[in-house]
Each structure stands twice: as C-alpha cells, then as structure tokens.
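Notes to accompany the following structure.
There are 2 protein chains.
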Amino acid sequence: MVGLRERKKQRTRQALIDAALRLFDEKGFEETTLAEIATQAEVSTRTFFSYFASKEDVAFYDSEDRVRLAIETLASRTPGETVSDLLVRVIDSSIDRMIVRQAPTFEDAALRMRLILTEPALQARALLLLFESQLRLAKALHAAFPDRLTPVESAAAVGSLIGGVKLAVMVGLEEDRSLDDILRSARRAAEIALDGLRSLG
Amino acid sequence: MVGLRERKKQRTRQALIDAALRLFDEKGFEETTLAEIATQAEVSTRTFFSYFASKEDVAFYDSEDRVRLAIETLASRTPGETVSDLLVRVIDSSIDRMIVRQAPTFEDAALRMRLILTEPALQARALLLLFESQLRLAKALHAAFPDRLTPVESAAAVGSLIGGVKLAVMVGLEEDRSLDDILRSARRAAEIALDGLRSLG
DNA sequence: TGCAAAACTTCAACGGATGAAAACTGTAGA
DNA sequence: TCTACAGTTTTCATCCGTTGAAGTTTTGCA
Chain A
408 MVGLRERKKQ RTRQALIDAA LRLFDEKGFE ETTLAEIATQ AEVSTRTFFS
458 YFASKEDVAF YDSEDRVRLA IETLASRTPG ETVSDLLVRV IDSSIDRMIV
508 RQAPTFEDAA LRMRLILTEP ALQARALLLL FESQLRLAKA LHAAFPDRLT
558 PVESAAAVGS LIGGVKLAVM VGLEEDRSLD DILRSARRAA EIALDGLRSL
608 G
Chain B
408 MVGLRERKKQ RTRQALIDAA LRLFDEKGFE ETTLAEIATQ AEVSTRTFFS
458 YFASKEDVAF YDSEDRVRLA IETLASRTPG ETVSDLLVRV IDSSIDRMIV
508 RQAPTFEDAA LRMRLILTEP ALQARALLLL FESQLRLAKA LHAAFPDRLT
558 PVESAAAVGS LIGGVKLAVM VGLEEDRSLD DILRSARRAA EIALDGLRSL
608 G
C-alpha cells in the first residue's frame with residue numbers, strides 16, 4: 408500500500424511546506440514568490456498546485472487535523488453529558504492539544520501564528536477555514552444532541568463559543584500578552600459564553 | 408466645499424459600484440474582469456484601484472456605514488443600562504436597519520448577499536471585514552463599561568454574540584429558510600448567547 | 001521487460017495588481 | 001480672464017498567482 412510513489416509524494420509535500428514556511432519567515436509572505444518556493448523544493452511551480460490550491464493554503468497544512476480532533480470529541484458524547492459539558496470538553500482538549508503539540512514545534516507554531524496575524528491574505532484564509540470548521544462542528548453538535556438541539560441552536564452554540572474565544576484571543580495577542588495570559592483569556596471567554604452575557608451584569 | 412471635482416468623484420465611484428454589481432449579477436464574480444467593469448463605468452482599469460483596493464472591495468462599499476451605526480449605539484449607553492441591555496439594543500437596531508433599508512433596495516441587498524455567500528473570495532473578504540468590525544465593537548463596548556469589563560471580556564462578549572448570530576444565520580441560509588425564519592434564527596442565537604450555553608441543558 | 005497510469009514539466013495565456021510618467025482638468029489667485 | 005498648480009486619470013510596462021493543454025518521465029504491475 409505504501410509504495411514508493413506514495414512516499415515520494417509525502418516527501419514532496421513536506422519539502423514544499425518546509426520551503427514555503429522558511430521563506431515566508433525569512434522574507435515575508437507577499438515577498439516570496441511561488442517560483443522561489445518551487446525551486447527550493449525542487450519541483451516546477453506548476454507542481455505546487457497539485458499539492459495546494461493556493462499560496463495561502465500551504466500555511467494551513469495541518470488545520471484539517473485539528474478540526475477532526477474537535478469533531479471526534481463531539482462524537483464521543485457520553486450518555487449523561489450535557490451540551491455545555493461536552494462543549495467544555497471540546498475546548499479543553501483543543502487547548503491541551505495546543506500545549507502538548509507545541510512542546511516540540513513551539514517555534515514553528517508561534518512563527519506561523521505571527522505570520523497569519525500579520526498578513527491580510529492569510530488572515531482572510533484563516534477566517535474562512537475557521538468558518539467552515541464551525542459549520543462542521545455545528546453539524547457534529549447537532550448529531551450529538553439530535554433531540555435537544557435544532558440545527559440553528561447548534562450553530563448558535565458553536566458560533567457563540569468559538570466566536571467569543573477567538574475574539575478574546577485576538578485582543579490578547581494584540582495587547583502582546585504572554586502565552587499564559589492568552590490561555591487565561593481563552594478560558595475566561597469560554598466561561599462568559601457558557602454563563603451568558605447577562606452574567607456580565 | 409462641494410466642488411465639481413468632488414461631485415465627479417462621487418459619480419465615478421457610483422458608476423463603478425453599479426457596473427460591478429450588475430456584471431457580478433449577470434455573469435458571476437470570477438467571470439467578470441476589471442476591464443469590463445472599467446469599460447462600463449467609462450474609466451481606465453487603473454482608475455478602479457484609486458477607488459477600491461481590490462475587486463472584492465467594491466461589493467462591500469457600504470459596510471463601513473453599518474459598523475458605524477453599531478458603534479454609535481454602543482456609545483449611546485444610558486446610565487442604568489446593563490451590558491446585556493446595551494448589546495440587545497445593538498442587535499435590534501442592526502436588524503431594524505436591515506429591514507428598513509431593504510424596503511427600497513431589497514433586490515439589491517438580497518442579490519449581494521447571495522453573491523457573497525456563493526463566491527469564496529467574497530466570503531473570505533466578508534469574514535475579514537466582520538472580524539475587524541468586531542475588534543472595533545469590542546473597543547467601543549469596553550469604552551461604554553470601562554470599569555465593569557476588561558478589554559478581553561468585552562471582546563469575548565462581542566465575539567460570542569456576533570459569532571453565534573453569524574453562524575445561526577449562515578445555517579439558516581444554507582437550509583434555504585425564508586427571510587422571516589432567518590431573522591427568527593438570529594434572535595434565537597442572540598438569546599442563547601445572552602442566556603449562556605448552559606441554558607441549553 | 002514492457003505497458004498503463006500517475007506524477008511532473010514545459011509552454012502559453014489570462015487577469016488582478018502596482019509603479020511611473022505623461023496627459024488632462026478643476027481651482028484658486030493674479 | 002488667464003495661468004500655474006494640485007489632483008485625477010490614462011497609458012505603459014511589469015510582476016505574479018493561477019490554470020489549461022500537451023508532452024515527458026517515473027512508478028507499479030502484469
């Protein structure tokens with residue numbers, strides 16, 4: 408099953424990712440051309456597009472994995488678990504994953520984060536991916552509580568939770584807080600979404 | 408103050424908007440070229456870019472106005488008003504405005520909405536604009552409650568409310584609901600954000 | 001070993017975006 | 001009214017991302 412062909416493709420893909428991220432870091436996103444990326448990865452520029460749909464996409468090569476984790480968590484609802492219990496578990500496991508995964512690749516992740524926040528084109532792409540993920544998460548939440556939640560309510564719940572966390576994290580980043588502060592912000596935002604805005608007085 | 412030069416610029420701007428939206432409607436966004444827009448508006452393609460930063464931007468010519476309305480509402484907090492009272496007022500006035508404004512330009516607005524939801528490039532741009540608006544709204548909310556809310560809490564509140572409404576509306580649109588249904592979805596989502604996700608059981 | 005499919009390259013073209021310089025047009029002041 | 005200047009627009013050249021088509025190389029398999 409895992410023939411030479413498959414392995415080669417994986418190697419090419421990784422070479423493109425490595426080359427792209429290194430160049431984006433060194434010279435900025437706009438400033439690096441596809442020709443440069445392709446040269447460093449030793450393929451033609453045309454080949455780039457059989458691995459990624461756009462120059463932006465290469466920066467989000469792993470986002471699918473993280474979404475899948477969240478969806479799996481939603482699918483793993485235990486019988487007695489309430490909507491908010493389950494959502495808390497999704498947030499927690501995502502944060503855990505972020506912390507654990509960052510141990511070896513912290514440099515990389517932080518760098519990529521900064522890149523995405525700096526480059527408008529990447530920001531737009533990130534928001535679109537996040538949005539599409541939320542739609543999938545809403546579906547998964549509805550599947551976990553088919554009787555208790557309507558599709559619209561599921562969407563409202565997912566959007567409210569993630570929307571709050573996202574904006575809180577972004578403001579935290581804008582204020583140049585430490586990683587710890589930002590994680591605290593994320594948790595506080597989740598709390599606010601869970602308790603409702605009325606709890607703010 | 409309002410010299411010929413100023414009037415001419417406004418007319419050119421409007422001509423570009425009209426030409427672009429008409430063409431987007433007739434042939435789709437990707438399919439219409441800047442050359443066509445410019446020709447119909449009777450300017451050179453280069454001139455397009457002194458009015459709009461990109462082909463996408465022309466579809467969002469009025470978004471700034473709507474954000475300003477919301478920010479003004481936030482700034483108009485009355486002494487006894489709570490955080491949630493004020494936020495409810497923002498949602499209501501935005502919905503009102505949407506309904507009222509759509510009376511004369513309903514065709515236009517609906518068409519533009521469909522366009523944005525269909526074209527990925529426009530969706531990405533819309534999400535970026537919405538995100539930036541939320542940051543401004545969060546600042547305004549913090550300004551309205553400087554003692555009761557931290558900047559991060561303000562962001563969490565705005566993100567949670569708008570995030571929930573946004574996703575609920577999108578799911579409603581995906582399910583092809585009527586305008587009335589979608590407004591109901593929006594209100595239900597706002598309610599959920601206000602009461603908190605725990606209220607979902 | 002030879003063949004079919006998959007992957008890659010080359011080539012050409014399109015369209016969005018940008019910089020620079022030339023041409024044009026209101027505007028304000030002599 | 002004329003003129004000089006500032007603001008606008010056009011023209012021209014160029015870059016780069018993206019895509020289709022056609023041909024070449026590589027890999028897996030009979």
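Those protein sequence lines, which keep their order, are chains A and B.
In terms of the numbering used here, the first sequence is residues 408 to 608.
In terms of the numbering used here, the second sequence is residues 408 to 608.
For every residue, glycine included, the Cβ atom is placed at its ideal position computed from N, Cα and C.
Give a yes or no on whether the minimum CB-CB distance between residue i and chain B is below 8 angstroms.
i: R521 of chain A; result: no
i: L556 of chain A; result: yes
i: D602 of chain A; result: yes
i: A545 of chain A; result: yes
i: I506 of chain A; result: no
i: L542 of chain A; result: yes
i: I599 of chain A; result: yes
i: F612 of chain A; result: Past the boundaries of the shown model lies residue 612 of chain A; chain A is included only from 408 to 608, so the question cannot be answered.
i: L423 of chain A; result: no
i: S567 of chain A; result: yes
i: L535 of chain A; result: yes
i: F431 of chain A; result: no
i: A563 of chain A; result: yes
Does residue i come within less than 8 angstroms of chain A when only Cβ atoms are used?
i: R532 of chain B; result: yes
i: E560 of chain B; result: yes
i: G410 of chain B; result: no
i: Q417 of chain B; result: no
i: A551 of chain B; result: no
i: S606 of chain B; result: yes
i: A516 of chain B; result: no
Just curious, the alpha helix (DSSP H) that residue i is in, first and last residue?
i: D464 of chain B; result: It is not in any alpha helix (DSSP H) - D464 of chain B carries neither H nor E in the DSSP assignment.
i: Y456 of chain B; result: The amino acid at residue 456 of chain B is misidentified as Tyr; the sequence shows Phe. Per DSSP, F456 of chain B belongs to the alpha helix (DSSP H) from 452-458.
i: R418 of chain B; result: 411-434
What is the DSSP secondary structure of residue i, reduced to helix, strand or coil?
i: A606 of chain B; result: As written in the sequence, residue 606 of chain B is Ser, which differs from the Ala given in the question. Looking at S606 of chain B - three-state DSSP - the assignment turns out to be helix.
i: R584 of chain B; result: coil
i: P486 of chain A; result: coil
i: F552 of chain A; result: coil
i: T439 of chain B; result: coil
i: T446 of chain B; result: helix
i: E479 of chain B; result: helix
i: D515 of chain B; result: helix
i: T557 of chain B; result: coil
i: E526 of chain B; result: coil
i: D499 of chain B; result: helix
i: D469 of chain B; result: coil
Hey, out of the options, whose CA is closest to residue i's CA?
i: T563 of chain A; options: B:P553, B:A562, B:A593, B:L534; result: For the record, residue 563 of chain A in the displayed sequence is Ala; it is not Thr. With distances taken between Cα atoms, A563 of chain A lies closest to B:A593.
i: K610 of chain A; options: A:G410, A:E463, A:K462, A:L481; result: Any answer about residue 610 of chain A is impossible in this case: the structure gives chain A only from 408 up to 608.
i: R429 of chain A; options: A:A448, A:L411, A:R543; result: A:A448
i: S483 of chain A; options: A:L548, A:F455, A:F459; result: A:L548
i: S491 of chain B; options: B:L607, B:G608, B:D602; result: B:D602
i: P527 of chain B; options: A:F538, A:E433, A:I523, A:E479; result: A:F538
i: G579 of chain B; options: B:I569, B:L590, B:G570; result: B:L590
i: L568 of chain B; options: B:I599, B:E582, B:L542; result: B:I599
i: A597 of chain B; options: B:D499, B:D472, B:V450, B:I478; result: B:D499
i: K415 of chain B; options: B:S461, B:V450, B:L441; result: B:V450
i: M577 of chain B; options: A:R473, A:S540, A:A477, A:L524; result: A:S540
i: A516 of chain B; options: B:K462, B:L586, B:E560, B:R496; result: B:L586
i: R584 of chain B; options: A:G570, A:D583, A:V559; result: A:V559
i: L522 of chain A; options: A:T419, A:A426, A:D432, A:A427; result: A:D432
Please name the residues in the stretch 570-596 of chain B whose beta-carbon is closer than 8 angstroms to at least one beta-carbon of chain A, in chain order. Of all residues in the stretch 570-596 of chain B, the ones placed with a Cβ closer than 8 angstroms to any Cβ belonging to chain A are G570, G571, V572, K573, L574, A575, M577, V578, G579, E581, E582, S592, R595, A596, in chain order.
Short of 8 angstroms Cβ to Cβ, which residues in the stretch 441-465 of chain A face chain B? Nothing from the stretch 441-465 of chain A brings a Cβ to less than 8 angstroms from some Cβ of chain B.
Identify each residue in the stretch 468-493 of chain B for which the Cβ-Cβ distance to at least one residue of chain A is less than 8 angstroms, and report them in chain order. Against chain A - using a Cβ distance shorter than 8 angstroms - the residues of the stretch 468-493 of chain B are T489, V490, S491.
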